[in-house]
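Residue numbers (the numbering used here), protein chains in the order written: chain P, 15 to 618; chain L, 3 to 251.
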């Protein structure tokens, strides 16, 4: 019995381990990408075979290369790039091999594989053509390597596309190759060409390699772009430009000229490529599906639901994955038909892009939430998706598999109401079985678009107390100043008092009352000056007046006028008989003018 | 002065007469609706709207009439307009929620800013004018307190604390009023009216189709380019839609 127990325990443990390893094998997903830096080479040239292994595991064995009897194979080393995002490890290992051909012909390179956890992962196959004619240089390239006089160029930039007549939305691969046969300093700087009319993405740079053209060895730097035409007709890819610094040649007999080359400053050069014209074709209208959304490439589609059994009104998330080759970022959402049994919510979308053999592709994921509106066995039907396959020049339709969902009736479930719209399309609780009845009273009306806070009445209601407050504060401030500063009060009332006195003097302005007139005139002027200066009028002599007014910046002319009129008042009081009526009028006028002049003097 | 008073009285009388006329048209619309003649009810209610007058009840009735006549897009549009004028009216809220369920495209809203969500909830059930008068009440109280203290020099114990408290309330009311004004008038929203309303990735039908919109779907208008609006959907995805397929709330 005890042995039986131990046996069962072992079986359980074994089963758990088996399940665990099964799960592990499922999650370990290894992708192998095989590529060559050139498709065609000459017998005396080399090619670089690059194997990129992407996985969620860090420790993987090296890839197993097939037997390549027609080549000498040298390893160029390995590079790795490991990133951890949200706890998920993403490792990319790149292996490079130099292949030197031994024989001309076309050789497929296939069966590159990795064996991991007793499972074999295979890479894609590539094909290499080796030409027997020594060099595999196209005539055009030979022409580009020569200048107008037929001399060999030290450097040049070539731009080429793999397709001259693509369909709209089909990938065109633009290749920029910078050939240089002389020594250069630093890294050449590239100004990318204009790509109007294309949606573009950089595929990447190829490792630098050497190529023999016209019996000269050029170092070749290569950069590729994936371009997707967004409009039809003739589109032009502009000129690319490279700036670099090259070593200058010196023809000298100086035995130390070699140092001249080493320490020379070099020559800055700029080289441009020719523009490239592409004629973009429209997609055929024949057999074009009605719900075609413009997706071009080659794709597959899957749909998976997160659960198969739910209650009415509970969500089921269905993930639609569209995977393939093409402009994955522009892959449109699958068109989901009207499903009377479901409410459908668009939830989110995401994408992963990848590159295989210079072709852009990846996976676009759309998450849609389906909410069943009634109980029963329901089916999310097969959803079709159309795309245009430019290779076969045909529209293709791919479909998801139907998803069965069992919808359970919850407690208190009430069937949907009647309405002008599809009644089964919704699920509604007890409270809302139809719209509520109309209103029979027009209620408060207002002009359309009227906003209370900008109405004059609102601004007035709020502005009035503000104005009252400001007014009261001003009045209070003035009062405080008057109370606090006697001089200020005297200065402010000086003119008023002087005017009173002048008015009194004016009534006395005749020869009979000459003494009283001048006494009043003198008093008016002296009191005015004393008030303005905030001093006592008693004992205010002409010298004192002169001194005080000079200190406050009054003009000499004004001071002289003041002194004159005071002296004239004194003189008139002692010799009244000499005063004529004209003198009286003149004195009255002068005092008025003098006071206006004093008002302009700053006394504070 | 006498002339001015007479003019004001005349304008008031004309307005009163006009409102009385609108009330008659409104009642005719109600009668048509009760008889099940929804198209004529819409004509009557629209007549009042075209005369430049609006009210929550008018928009609500228009929403109902459009709903009953099968125009879901316009029904949702008018319920939203009614909600702006009467945000606390449960009939409006109920019918808006009810009608919105029939839209063939439903969005799961993504609320990115919790503070904005809280503020929207706080001011949601108040009219802009109610908040405006509340702000006015606090502001005038604040000014009266200042007049008492600085203008008339009338003091009472704790006047400073009261002034500061009323000032805080004024600032709070001003903030809420400004936010409500932004939500009601500065944030431009629209409802899709057309049954076939494609949303593209750019302002042209030659660009990628992002989504097939449906009547009743509410979008936020971000910018314009030619015949297209750049719209933000409730799930925070963006796209371009032709202007004549939507109507601004």
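Every residue, glycine too, gets a C-beta built ideally from N, C-alpha and C.
- Item | At least 3 beta-carbon pairs within less than 8 Å: the segment 289-307 of chain P vs the segment 221-238 of chain P | no
Handout entry: Buried or exposed (CB count within 10 angstroms, at least 16 for buried), residue 601 of chain P
Key = Translated into positions along the first chain, residue 601 of chain P becomes position 587. Residue 601 of chain P is buried by the Cβ-count criterion.
How would you call residue 436 of chain P, buried or exposed, if buried means at least 16 neighbouring beta carbons within 10 angstroms? The residue labelled residue 436 of chain P in the question sits at position 422 within the first chain. Confidence at residue 436 of chain P is low in this model, with a pLDDT of 45, below 50, so the placement of that residue should be treated as unreliable; the coordinate-derived value is given next. So residue 436 of chain P ends up on the exposed side.
Review point. Apart from the five residues on each side of it in sequence, which residues of its chain come closer than 8 Å, Cβ to Cβ, to residue 549 of chain P?
Key: Locating residue 549 of chain P in the first chain gives position 535, where the first residue counts as 1. Cβ within range, chain order: 562.
Practice problem: Might you give, ordered along the chain, the residues of its own chain that have their beta carbon closer than 8 Å to the beta carbon of residue 598 of chain P, omitting 5 neighbours on each side? | Solution: Along the first chain, one-based indexing puts residue 598 of chain P at 584. For residue 598 of chain P, where only same-chain residues beyond five positions count, the Cβ hits under 8 Å are 523, 524, 525, 528, 531.
Hey, quick one: how far does the beta strand (DSSP E) through residue 199 of chain L stretch, first residue to last? Position 197 of the second chain, counted from the first residue, corresponds to residue 199 of chain L. That run of the beta strand (DSSP E) goes 199-202.
Can you tell me the Cα-Cα spacing of residue 165 of chain L and residue 121 of chain L, whole angstroms? One-based indexing of the second chain puts residue 165 of chain L at position 163. One-based indexing of the second chain puts residue 121 of chain L at position 119. Cα-Cα distance, rounded: 26 Å.
For the beta strand (DSSP E) that contains residue 193 of chain P, what are its first and last residues?
For the purposes of this step, residue 193 of chain P is taken as the residue at position 179 of the first chain. That run of the beta strand (DSSP E) goes 186-194.
Original post:
What residues from the segment 150-174 of chain L come within 9 Å of chain P, judged by C-beta to C-beta, listed N to C?
Top reply: 152, 153, 154, 155
Checklist line | Beta bridge counterpart(s) of residue 411 of chain P as assigned by DSSP | finding: Residue mapping note: residue 411 of chain P aligns to position 397 of the first chain, counting from 1. Answer by DSSP bridge pairing, in chain order: P:400.
Please report the distance separating the alpha-carbon of residue 69 of chain P from that of residue 223 of chain P. Residue numbering aside, residue 69 of chain P sits at position 55 when the first chain is read from its first letter. Residue numbering aside, residue 223 of chain P sits at position 209 when the first chain is read from its first letter. Straight-line Cα distance between these residues: approximately 28 Å.
*Measure from the alpha carbon of residue 282 of chain P to the alpha carbon of each residue in P:362, P:201, P:217, P:478, then state which is nearest.*
In the first chain, counting from the first residue as 1, residue 282 of chain P sits at position 268. Comparing Cα-Cα distances from residue 282 of chain P to each of P:362, P:201, P:217, P:478, the minimum goes to P:201.
Starting from residue 52 of chain L, trace the alpha helix (DSSP H) both ways and give me its first and last residue. As a working note, residue 52 of chain L is residue 50 in the second chain. Residue 52 of chain L -> alpha helix (DSSP H) spans 40-52.
- By Cβ distance, which residues of its chain are closer than 6 Å to residue 105 of chain P, with the 5 residues on each side in sequence left out? Locating residue 105 of chain P in the first chain gives position 91, counting from the first residue. For residue 105 of chain P, the CB contacts under 6 Å within the same chain, skipping 5 residues up- and downstream, are 69, 72, 96 in chain order.
Along chain C, in chain order, which residues have C-beta atoms closer than 8 Å to that of residue 138 of chain L? Of the protein chains in the structure, P and L, none is chain C.
Requested in this report: Using 10 angstroms around the beta-carbon of residue 241 of chain L, count the other beta-carbons present and answer buried if the total reaches 16, otherwise exposed.
Outcome: Locating residue 241 of chain L in the second chain gives position 239, counting from the first residue. Classification for residue 241 of chain L: buried.
Residue 398 of chain P to residue 83 of chain P, Cα distance in whole Å? Mapped onto the first chain, residue 398 of chain P falls at position 384. Mapped onto the first chain, residue 83 of chain P falls at position 69. Computed Cα separation, rounded: 48 Å.
Let me check understanding here. Comparing Cα to Cα, which of L:191, L:243, L:209 lies closest to residue 307 of chain P?
Numbered from 1 along the first chain, position 293 holds the residue referred to as residue 307 of chain P. Answer by Cα proximity: L:209.
**Report entry** Interface residues of chain P facing residue 207 of chain L [CB-CB closer than 9 Å]
**Finding:** As a position in the second chain, residue 207 of chain L is number 205, starting the count at 1. What residue 207 of chain L touches in chain P: nothing, since even the nearest Cβ is about 11 Å away.
Problem - Outcome for residue 246 of chain L when other beta-carbon atoms lying within 10 angstroms are tallied against a minimum of 16 - result: Along the second chain, read from residue 1 onward, the residue named residue 246 of chain L stands at position 244. With fewer than 16 Cβ atoms within 10 Å of its Cβ, residue 246 of chain L is classed as exposed.
Can you tell me whether residue 603 of chain P is buried or exposed? The criterion is at least 16 other CB atoms within 10 Å of its CB, across all chains shown.
Residue 603 of chain P sits at position 589 when you count from the first residue of the first chain. Exposed: under 16 other Cβ atoms inside 10 Å.
Cβ-based burial, residue 347 of chain P [other Cβ within 10 Å; buried from 16]: Working through the first chain from its first residue, we reach residue 347 of chain P at position 333. The residue is buried, with at least 16 neighbouring Cβ atoms inside 10 Å.
Check your understanding: Which of the three DSSP states, helix, strand or coil, is assigned to residue 600 of chain P?
Key -> In the first chain, counting from the first residue as 1, residue 600 of chain P sits at position 586. Residue 600 of chain P: helix per DSSP, three-state reduction.
May I ask you to list, following chain order, the residues of the segment 479-507 of chain P that have a beta carbon less than 7 Å from some beta carbon of chain L?
479, 480, 482, 483, 486, 487, 490
Considering Cα atoms alone, identify which of L:220, L:175, L:213 is closest to residue 194 of chain L. What you label residue 194 of chain L is simply residue 192 of the second chain in a count that begins at 1. Cα-wise, what sits closest to residue 194 of chain L is L:220.
Checklist entry - Using a Cβ-Cβ distance under 9 Å, would residue 446 of chain P count as near chain L? => result Taking the first chain and counting its residues from 1, the one referred to as residue 446 of chain P is at position 432. Confidence at residue 446 of chain P is low in this model, with a pLDDT of 41, below 50, so its placement is unreliable and the value that follows should be read with caution. Look at residue 446 of chain P: its C-beta is under 9 Å from a C-beta on chain L.
Cα-Cα separation, residue 492 of chain P to residue 225 of chain L:
If you number the first chain from 1, residue 492 of chain P lands on position 478. If you number the second chain from 1, residue 225 of chain L lands on position 223. The C-alpha of residue 225 of chain L is placed about 54 Å away from the C-alpha of residue 492 of chain P.
Exercise. Would residue 57 of chain L pass as a contact of residue 309 of chain P if the rule is Cβ separation under 9 Å?
Worked result: The residue labelled residue 57 of chain L in the question sits at position 55 within the second chain. The residue labelled residue 309 of chain P in the question sits at position 295 within the first chain. No, the Cβ-Cβ distance between residue 57 of chain L and residue 309 of chain P is not below 9 Å.
Next item on the list: Would you please verify whether the beta carbon of residue 243 of chain L is less than 9 Å from any beta carbon of chain P?
Entry: Counted from its first residue, the second chain places residue 243 of chain L at position 241. Judged by the 9 Å Cβ criterion, residue 243 of chain L is not in contact with chain P.
Quiz item: Is it the case that the Cβ atoms of residue 358 of chain P and residue 384 of chain P are separated by a distance below 9 Å?
Solution: One-based indexing of the first chain puts residue 358 of chain P at position 344. One-based indexing of the first chain puts residue 384 of chain P at position 370. Yes, Cβ-Cβ distance for residue 358 of chain P and residue 384 of chain P is below 9 Å.
_Can you find the residues in the same chain that come closer than 7 Å, C-beta to C-beta, to residue 249 of chain L, ignoring five residues on each side of it along the sequence?_
Here residue 249 of chain L refers to the residue found at position 247 of the second chain. 79, 192, 193, 195, listed in sequence order.
Between residue 42 of chain L and chain P, is any beta-carbon pair separated by less than 9 Å? Counted from its first residue, the second chain places residue 42 of chain L at position 40. Chain P contact via Cβ: absent.
- Item | Beta carbon of residue 45 of chain P nearer than 9 Å to that of residue 368 of chain P | Counting from 1 along the first chain, the entry for residue 45 of chain P is found at position 31. Counting from 1 along the first chain, the entry for residue 368 of chain P is found at position 354. In this structure, residue 368 of chain P lies closer than 9 Å to residue 45 of chain P by Cβ.
Q | Neighbouring residues, chain P, relative to residue 179 of chain L (Cβ below 8 Å) | A | Residue 179 of chain L sits at position 177 when you count from the first residue of the second chain. Those within 8 Å of residue 179 of chain L in chain P are 467.
(message) If you measure between the beta carbons of residue 140 of chain P and residue 56 of chain P, is that distance less than 9 Å?
(response) As a first step, residue 140 of chain P must be located in the first chain, where it is residue number 126. As a first step, residue 56 of chain P must be located in the first chain, where it is residue number 42. Taking 9 Å as the Cβ cut-off, residue 140 of chain P and residue 56 of chain P do not qualify as a contacting pair.
Checklist entry - Does the beta carbon of residue 365 of chain P come closer than 9 Å to any beta carbon on chain L? => result Here residue 365 of chain P corresponds to residue number 351 of the first chain, with the count starting at 1. So no, residue 365 of chain P is outside the interface.
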